[in-house]
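The structure appears below as structure tokens.
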Amino acid sequence: MKTETHTRIVDIIRKKNGSRPIELIKELGLSPQAIHRHLKSLVASGLIESRGRGPLTRYFIAGKPQLDRARRWQNSAAEPAENPEEFLCRTRDAFTARLPRLASFAEAGLKRDDVPLVVSAAGEVGNNCFDHNLGAWRDVPGCWFEAQATGGRLWICIADRGQGVLRTLARADPALADEQAALTAAFERIISGRAPENRGNGLKFVRSVVGAGENRGLACRSGAGVVDYGRLGPECRAELAGFSEKSEGTITLILWSFA
Amino acid sequence: MKIRLEQYGAILTSRPAGKEAALAMKARLRPAEGETVELDFEGVLAVGPSWLDEVLRSLRADYGRERVVCLPTKNASVAESLKAIDAAR
Numbered sequence: 095m096k097t098e099t100h101t102r103i104v105d106i107i108r109k110k111n112g113s114r115p116i117e118l119i120k121e122l123g124l125s126p127q128a129i130h131r132h133l134k135s136l137v138a139s140g141l142i143e144s145r146g147r148g149p150l151t152r153y154f155i156a157g158k159p160q161l162d163r164a165r166r167w168q169n170s171a172a173e174p175a176e177n178p179e180e181f182l183c184r185t186r187d188a189f190t191a192r193l194p195r196l197a198s199f200a201e202a203g204l205k206r207d208d209v210p211l212v213v214s215a216a217g218e219v220g221n222n223c224f225d226h227n228l229g230a231w232r233d234v235p236g237c238w239f240e241a242q243a244t245g246g247r248l249w250i251c252i253a254d255r256g257q258g259v260l261r262t263l264a265r266a267d268p269a270l271a272d273e274q275a276a277l278t279a280a281f282e283r284i285i286s287g288r289a290p291e292n293r294g295n296g297l298k299f300v301r302s303v304v305g306a307g308e309n310r311g312l313a314c315r316s317g318a319g320v321v322d323y324g325r326l327g328p329e330c331r332a333e334l335a336g337f338s339e340k341s342e343g344t345i346t347l348i349l350w351s352f353a
Numbered sequence: 286m287k288i289r290l291e292q293y294g295a296i297l298t299s300r301p302a303g304k305e306a307a308l309a310m311k312a313r314l315r316p317a318e319g320e321t322v323e324l325d326f327e328g329v330l331a332v333g334p335s336w337l338d339e340v341l342r343s344l345r346a347d348y349g350r351e352r353v354v355c356l357p358t359k360n361a362s363v364a365e366s367l368k369a370i371d372a373a374r
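Residue numbers (this note's numbering), protein chains in the order written: chain S, 95 to 353; chain A, 286 to 374.
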């Protein structure tokens, strides 16, 4: 009985991408005391996590990122109505100033020796947004930069509403057939949309870093193109499924397990 | 002579910042003939290949590849960045 109720609670939380206790009470027809007992047990087992306080408390599947706001921002065809300053870095300086926050995840369990790699990988991805879209943003300038620790893992989401990888790299290699080819080239070849400047090693570095350990992965979408690298790359790719392939900018997810 | 990179920031990742840092370094550097220029990463949190490429390219253009040396460090982002820069050459 207990296992069955646990399974139903986890299913609801997963389907709704987060749930409040009151919703579970209504849906399962159990008493508040019983629901809170089950939730407490599920939190203790590490399957779910609570966020928020008091009546605003919501429960989420542990280890999964909450990307609703980033998804809405990135998927919006017109200029997004919501541009939260806590996530949006309108300038490179703003992005650089927020990078040190990643070091604070060492207190949540990120290995200290991994901190430089996490920061530099995120730095290269974010800087890439500015390198290739400066003066050519579709509407909102800058990049979305969000990091979440959940279930012993760090998720980093970096997105932009720029030109996308194909338009950027087609200047350097007009033979690139489509977005998939352009994205693969961006991560695997020394090529830069700012040729003849000497650039183009940043994303190769990021790919190398996430491929150098079992506890890492990344996925990147640009239009209809998607790539993933590292052992945890497929998990990142699955999370990108909710981001529209009609969106013209780029979105990168980096996943770093604390284990 | 030694350059303490922490003077240029704890996080050294972007090309514009690397270019600016290289210009600032060269304005102050006066190495004796044959003296090596040593980059000291002590106190730096993270380095990226974009920043480091700009600095190394600029310093090596003036002083030669052999005279510009990255001092050993346990910071993994330095080794990974150097690997990426060498692979691109």
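From the three backbone atoms N, C-alpha and C, an ideal C-beta is built for every residue, glycine too.
Exercise for the section: Kindly identify the DSSP beta-bridge partner or partners of I107 of chain S. Expected result: According to DSSP, I107 of chain S bridges with nothing at all.
Problem - Buried versus exposed, by CB contacts within 10 Å (16 or more), S214 of chain S - result: Result: buried.
Handout entry: Simplified DSSP assignment, three categories, for V322 of chain A
Key = In the structure shown, V322 of chain A sits in a strand (DSSP, three-state: E or B).
Handout entry: Closer than 9 Å at the beta carbon, the chain A residues around S302 of chain S
Key = From the beta-carbon of S302 of chain S, the residues of chain A found nearer than 9 Å are E365, K368, A369, A372.
Practice task
Select from S:F239, S:L204, S:D233, S:D208 the residue whose C-alpha is nearest the C-alpha of V219 of chain S.
Solution key: Between V219 of chain S and the set S:F239, S:L204, S:D233, S:D208, the nearest pair of CA atoms involves S:F239.
Exercise for the section: Answer yes if the region 126–142 of chain S comes into contact with the region 173–183 of chain S, meaning at least three C-beta pairs across the two stretches below 8 Å, and no otherwise. Expected result: By the criterion of at least three beta-carbon pairs nearer than 8 Å, the region 173–183 of chain S is not in contact with the region 126–142 of chain S.
Handout entry: the region 338–353 of chain S touching the region 310–318 of chain A, judged by at least three CB pairs closer than 8 Å
Key = Touching, no, given that fewer than three Cβ pairs across the two stretches are closer than 8 Å.
Practice task
With DSSP as the reference, label E388 of chain A as helix, strand or coil.
Solution key: Any property of residue 388 of chain A remains undetermined from this structure, which presents chain A solely from 286 to 374.
Exercise for the section: Leaving out five residues on either side along the sequence, give the residues of the same chain with a beta carbon under 6 Å from the beta carbon of C223 of chain S. Expected result: Within the same chain, C223 of chain S has close Cβ partners C237, D254.
Handout entry: Strand pairing of G189 of chain S, partner residues [DSSP]
Key = Checking the sequence shown, residue 189 of chain S turns out to be Phe, not Gly. F189 of chain S pairs with nothing; no bridge assigned.
Problem - Cβ-based burial, P126 of chain S [other Cβ within 10 Å; buried from 16] - result: By the 10 Å Cβ count, P126 of chain S comes out exposed.
Handout entry: N-terminal and C-terminal residue of the alpha helix (DSSP H) that A372 of chain A is part of
Key = Per DSSP, the continuous alpha helix (DSSP H) segment holding A372 of chain A begins and ends at 361–373.
Problem - E282 of chain S in three-state terms, based on DSSP - result: Helix at E282 of chain S.
Exercise for the section: Have a look at S:T346, S:A353, S:S351 and flag the residue whose alpha-carbon is nearest the alpha-carbon of R216 of chain S. Expected result: Note that residue 216 of chain S corresponds to Ala in the displayed sequence, not to Arg. The shortest C-alpha separation from A216 of chain S is found at S:T346.
Exercise for the section: Run down chain S in chain order and give the residues with a C-beta less than 7 Å from the C-beta of A346 of chain A. Expected result: By Cβ distance, chain S contributes nothing, its closest Cβ being about 11 Å from A346 of chain A, past 7 Å.
Problem - 8 Å Cβ cutoff met for E365 of chain A and S113 of chain S - result: With contacts defined by Cβ atoms closer than 8 Å, E365 of chain A and S113 of chain S do not form a contacting pair.
Exercise for the section: With DSSP as the reference, label S378 of chain S as helix, strand or coil. Expected result: Absent from the structure is residue 378 of chain S, since the part of chain S shown begins at 95 and ends at 353.
Problem - Close-in-space but distant-in-sequence residues of the same chain around D338 of chain A (CB under 6 Å, 5 per side omitted) - result: Answer for D338 of chain A: I370, listed in chain order.
Exercise for the section: Compute the Euclidean distance between the alpha carbons of G203 of chain S and F352 of chain S, then round it to the nearest angstrom. Expected result: Roughly 6 Å between the two C-alpha positions.
Exercise for the section: Using the Cα positions of R232 of chain S and H226 of chain S, report the straight-line distance between them to the nearest angstrom. Expected result: So the alpha carbons of these two residues sit roughly 12 Å apart.
Problem - Closest residue to R310 of chain S among S:P328, S:L122, S:E201 (Cα-Cα distance) - result: That would be S:P328, whose Cα lies nearest to the Cα of R310 of chain S.
Problem - Buried or exposed by the 16-neighbour rule on C-beta atoms within 10 Å, applied to G456 of chain A - result: An answer regarding residue 456 of chain A cannot be provided, because it is not within the stretch 286 to 374 covered by chain A.
Exercise for the section: Pick out whichever of S:A138, S:T99, S:L141, S:I142 has its Cα sitting closest to the Cα of G123 of chain S. Expected result: Closest option to G123 of chain S, Cα to Cα, is S:T99.
Practice task
Report the three-state DSSP secondary structure of K340 of chain S (helix, strand or coil).
Solution key: Coil.
Exercise for the section: Quick one: grab the DSSP three-state call for V209 of chain S. Expected result: In this structure, V209 of chain S counts as helix in the three-state DSSP scheme.
Problem - Residues that V213 of chain S contacts on chain A, provided the C-beta gap is smaller than 8 Å - result: Residues of chain A passing the Cβ test: I296, T298, L330, A331, S362.
Handout entry: When S:L211, S:A191, S:S144 are compared against A200 of chain S, the one with the closest alpha-carbon
Key = Ranking S:L211, S:A191, S:S144 by Cα distance to A200 of chain S puts S:L211 first.
Problem - chain A contacts from the region 189–200 of chain S (Cβ-Cβ distance under 7 Å) - result: Within the region 189–200 of chain S, the qualifying residues are T190, L193, P194, A197.
Problem - Interface flag, P334 of chain A vs chain S, CB-CB below 8 Å - result: Yes, P334 of chain A counts as interfacial toward chain S.
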